[in-house]
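A short write-up of the structure that comes next.
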Amino acid sequence: MTDPIESATSSRSRGKWRLLIVLAAAGIALPAASQTRPNVPPPIGLGGPPQVLNPLEDDSPMAQQMRKERNIMRQKKLESQMRLLDQLTSQLSAEVNAATISDGDVAKKTEQIGKLAKSIRELMIGPLS
């Protein structure tokens, strides 16, 4: 005598095979099991480029070259701003000594010198992040 549970499962599996054969004959592709899984990024260190969490700790030759170039650019900008600051302070000092400048102009130049000094200070400290 045949077991009813076994006959039910075998008919189900036969039905699945029939469905697959019909779909394959019709040219319909079923998604592969790996395609149905969500894209999960690989763990750090497995595949892909190395991930550097702190760019200041990156010792690769390219990172060193980029740091060197940024430092040179920063120094050039710092030098030009220092020359401008020296020029503005010399002008203000000469105008104040000659008493040819109004109080409003002194305030404007002083404010301009203060802004320039602050930007120079920020350049000297460097990026905080």
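Each residue of the sequence shown is one higher than the one before, starting from 28 at the first, in this note's numbering. For each residue, glycine too, the CB sits at the ideal point set by N, CA and C.
Contact check, residue i vs residue j under 8 Å by CB: the rounded distance?
i, j, result
"Lys-95", "Leu-150", "Wrong, their Cβ atoms sit about 17 Å apart, outside the cutoff."
"Ala-90", "Leu-112", "No, Ala-90 and Leu-112 are not in contact; Cβ-Cβ is about 32 Å, not under 8 Å."
At what residues does the alpha helix (DSSP H) containing residue i begin and finish?
i, result
"Ile-140", "130 to 152"
Figure out for me which residue from the options has the closest Cα to the Cα of residue i.
i, options, result
"Lys-142", "Met-109, Asn-124, Glu-122", "Met-109"
"Ser-120", "Lys-136, Gln-91, Asp-86", "Lys-136"
"Leu-115", "Ser-129, Asn-98, Val-133, Gln-91", "Val-133"
Return helix, strand or coil for residue i, following the three-state DSSP convention.
i, result
"Ala-121", "helix"
"Thr-127", "coil"
Discussion item. Which complete beta strand (DSSP E) runs does the segment 84 to 113 hold, if anything under 3 residues is left out?
Written reply: none
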